[in-house]
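Colleague:
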Amino acid sequence: MKGKRILLGITGSIAAYKSAFLVRLLIKAGAEVKVVMSESAKDFVTPLTLSVLSKNPVMTTSFNPDNGEWYNHVEAGLWADAFIIAPASANTIGKMAQGIADNQLLACYLSARCPVFIAPAMDLDMLQHPAVKANIQTLGSFKRHYIITPAHGELASGLTGEGRMEEPEKIVDILEKYFYENLPLRGIKALVTAGPTYENIDPVRFIGNRSSGKMGFAIAEELSKMGADVKLISGPTHLSLNDRGVERTDVNTADEMLTACMHDFEKMDIIVMSAAVADFRPGEESTEKIKKKNNPLNVALVPTTDILKSMGEKKRKNQLLVGFALETNNELANAKEKLVNKNLDLIVLNSLNDVGAGFDVSTNKVTFIEKSGREHSFGVKLKSEVARDLVNLIMNSYKK
Ligand code: CTP
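Here you go:
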């Protein structure tokens, strides 16, 4: 629910008191909430209560009677990621089914393009009336309209039966499930690498680099947030993941990273190689600590396998491969060459010459270059924001 914009419509029913709890739960779950009330809803719960809980002004009319200012129902309708009408009275349900817009709530409803969740609340005989049943059925048949079936129990009339508005906790569960199931990368498997690799010289010393892993961790978390099943393969870093949905494997050397990457490569749909993999490792690793002896030490280095290049050679149709290029000169030309040589779909260029870009800082300044040659350049941004930009581009380019 984090960051989701929820428009809550409240109509005239005793269950309106539960809407206050619903607002609290939505806010607690990280959503942004705006409330629109019908005139009769105000008899059951005050706009002030809902305004305080939602931290937003509450709309009850189409304009402010004090200054004549118009409350834009179209804007409110388009603002929302979901519109919940809870409680939904028989009267409002009937008008919604017929496209009547004689109050602000109904005008918002007709303007909304988002999914609509309707939680009816009324006495059992009203709910069983063929006219109401038909209206509910009509609403349920509309695209992206979901009826939250009323619960069975004691009703305000004293009768017992079906008609109680579903509990706020349950409504939040339904919404969370909806958002989860409709995440854009649901069912997609992604592999992300992050951090440096350490190539051992002896049991004490290694050749490494200054990569912190921040960029790769941010990308892994962003992909996961969009619903992908993410596997993160990380070199040595002190970072920890906030998202427990990401599966993490730690490795030390380029060889270990290669093995870990290739293990799952076939199954992966999206691969983002942001790790700063060592290009060379000592040809021989001494099993004992090398003594100083005051002589120059020559360590013969041998190339490691270019993991990204091997992936590019094996890449199957519908696999999207993203590489990184950290350059100090001829940046664009070098990055474009890597894009072609390694058979990539997209390359992220960052230049060590740019202030706020590169290793061990929380920001980055990047240019994305697509296989088609299209370039997207950005200013200095937080790595989390760069990750969002990258994942947005990946989502636009990825074709199942
Ligand atoms: N890479 C890799 N395996 C390696 C070296 C690099 O998979 N052994 C990947 C990195 O994860 C990155 C991309 O290749 O996505 C580019 O790495 P970079 O070091 O910039 O380029 P190289 O191709 O190694 O070329 P050079 O170091 O000569 O610039």
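Residue numbers (the working numbering): 1365 to 1764. Idealized CB from N, CA, C, for every residue including glycine. Bear in mind the structure is a predicted one, so any value in this text is a computation, not a measurement.
Tell me the DSSP secondary structure of Y1510 in three-state form.
Modeller: Here Y1510 sits in strand by DSSP.
Colleague: Looking at the unbroken alpha helix (DSSP H) that takes in I1635, where does it start and where does it end?
Modeller: Element bounds for I1635: not the alpha helix (DSSP H) but the beta strand (DSSP E), I1634 to M1637.
Colleague: Give the DSSP-derived three-state secondary structure of S1453 in the structure shown.
Modeller: S1453: coil per DSSP, three-state reduction.
Colleague: Roughly how many angstroms separate the alpha carbons of A1590 and P1560, rounded to a whole number?
Modeller: Per the sequence shown, residue 1590 should be read as Met rather than Ala. About 26 Å.
Colleague: Taking just the CA atoms, how far does K1553 sit from D1489?
Modeller: Taking the straight line from one Cα to the other gives about 50 Å.
Colleague: What residues in its chain sit with their C-beta under 6 Å from that of M1423, if we drop five residues either side in the sequence?
Modeller: Hits under 6 Å: V1400, Y1435 and Q1468.
Colleague: What do you reckon, is the C-beta of G1504 under 6 Å from a heavy atom of the ligand FMN?
Modeller: As far as ligands go, the structure on display features the ligand CTP and does not contain the ligand FMN.
Colleague: With a threshold of 16 other CB atoms inside 10 Å of the CB of Y1473, please say whether the residue is buried or exposed.
Modeller: Per the 10 Å Cβ criterion, buried.
Colleague: Can you determine whether any heavy atom of the ligand CTP sits closer than 6 Å to the C-beta of A1379, and answer yes or no?
Modeller: No, Cβ of A1379 sits at least 6 Å from all heavy atoms of the ligand CTP.
Colleague: Hey, is V1615 close to the ligand CTP, as in C-beta under 6 Å from one of its heavy atoms?
Modeller: Not so, every heavy atom of the ligand CTP lies at least 6 Å from the Cβ.
Colleague: Decide if K1706 is buried, meaning its Cβ has at least 16 other Cβ atoms within 10 Å, or exposed.
Modeller: Buried, because 16 or more other Cβ atoms sit within 10 Å of the Cβ of K1706.
Colleague: Throw me the rounded Cβ distance for the L1605 and F1581 pair, which I believe falls under 8 Å.
Modeller: Contact flag correct, Cβ pair sits at about 6 Å.
Colleague: Got a sec: does the ligand CTP put a non-hydrogen atom nearer than 6 Å to the Cβ of M1579?
Modeller: Flag unset: Cβ of M1579 not near the ligand CTP.
Colleague: Rounded to a whole number of angstroms, what is the C-alpha to C-alpha distance between K1700 and S1715?
Modeller: So the two alpha carbons sit approximately 13 Å from each other.
Colleague: Touch check for the stretch 1383–1397 and the stretch 1535–1545: three-plus C-beta pairs under 8 Å?
Modeller: Contact holds: three or more Cβ-Cβ distances are below 8 Å.
Colleague: Is D1628 a contact residue of the ligand CTP, with contact defined as CB to any heavy atom under 6 Å?
Modeller: No, since every heavy atom of the ligand CTP falls outside the 6 Å radius drawn around the Cβ of D1628.
Colleague: Should the stretch 1433–1453 be called in touch with the stretch 1411–1419, which here means at least 3 C-beta pairs below 8 Å?
Modeller: The stretch 1433–1453 is not in contact with the stretch 1411–1419.
Colleague: If I measure Cβ to Cβ from E1530 and keep anything under 6 Å in the same chain, skipping five residues before and after, which residues do I get?
Modeller: Closer than 6 Å at Cβ, skipping near neighbours: A1483, I1512 and A1515.
Colleague: Within the stretch 1449–1507, note down every full beta strand (DSSP E) run reaching 3 residues or more, in order along the chain.
Modeller: Taking only runs of at least 3 residues, the beta strand (DSSP E) segments lying wholly in the stretch 1449–1507 are 1480–1484.
Colleague: Check whether chain D comes within 7 Å of K1631, counting only Cβ atoms and requiring the distance to be less than that.
Modeller: Absent here is chain D; the protein component of the structure consists of one chain.
Colleague: Please find out if some non-hydrogen atom of the ligand CTP comes closer than 6 Å to the beta-carbon of T1413.
Modeller: Because no heavy atom of the ligand CTP lies under 6 Å away, the Cβ of T1413 does not count as near it: no.
Colleague: Between the stretch 1656–1667 and the stretch 1683–1693, can you find at least three pairs of beta-carbon atoms closer than 8 Å?
Modeller: With the cut-off at 8 Å, the stretch 1683–1693 and the stretch 1656–1667 do not touch.
Colleague: Going by CA-CA distance only, name the one from Q1492, S1726 and N1760 that's closest to S1748.
Modeller: The residue with the shortest Cα to Cα distance from S1748 is S1726.
Colleague: If we count the other Cβ atoms within 10 Å of its Cβ and call it buried at 16 or more, is L1523 buried or exposed?
Modeller: So L1523 ends up on the exposed side.
Colleague: Please report the straight-line C-alpha distance between M1675 and I1370, rounded to a whole angstrom.
Modeller: Using only the alpha carbons, I get a separation of about 42 Å.
Colleague: Measuring CB atoms only, is the stretch 1676–1686 touching the stretch 1595–1609, in the sense that at least three cross pairs come out at less than 8 Å?
Modeller: The answer is no - the stretch 1595–1609 does not touch the stretch 1676–1686, with fewer than three Cβ pairs under 8 Å.
Colleague: Which residue's Cα is closest to the Cα of L1757: A1640, E1586, T1613 and A1642?
Modeller: The option with the nearest alpha carbon to L1757 is E1586.
Colleague: If we ignore side chains and look at the alpha-carbon of each, how far apart do S1521 and D1487 end up?
Modeller: Looking at the two C-alpha atoms, the distance is approximately 7 Å.
Colleague: Near A1454, which residues of its chain fall below 6 Å by C-beta distance, leaving aside the five closest residues on each side in sequence?
Modeller: Excluding residues within five positions, the ones whose Cβ falls inside 6 Å are M1486, M1490 and V1496.
Colleague: Do you know how far the Cα of R1528 is from the Cα of L1519?
Modeller: So the two alpha carbons sit approximately 6 Å from each other.
Colleague: Cβ of T1668 versus every heavy atom of the ligand CTP: is any distance shorter than 6 Å?
Modeller: Indeed, a heavy atom of the ligand CTP lies less than 6 Å from the Cβ.
Colleague: Taking its Cβ as the centre, do 16 or more other Cβ atoms sit within 10 Å of E1396, making it buried, or is it exposed?
Modeller: That one is buried.
Colleague: Given the structure, does G1687 come close to the ligand CTP, in the sense that its CB is under 6 Å from one of the ligand's heavy atoms?
Modeller: Flag set: Cβ of G1687 near the ligand CTP.
Colleague: So what's G1441 in DSSP terms, helix, strand or just coil?
Modeller: Looking at G1441 - three-state DSSP - the assignment turns out to be helix.
Colleague: Using the three-state DSSP reduction, which class does D1566 fall into: helix, strand or coil?
Modeller: Three-state result, D1566: coil.
Colleague: Alpha carbon to alpha carbon, how far is L1665 from F1570?
Modeller: Computed Cα separation, rounded: 12 Å.
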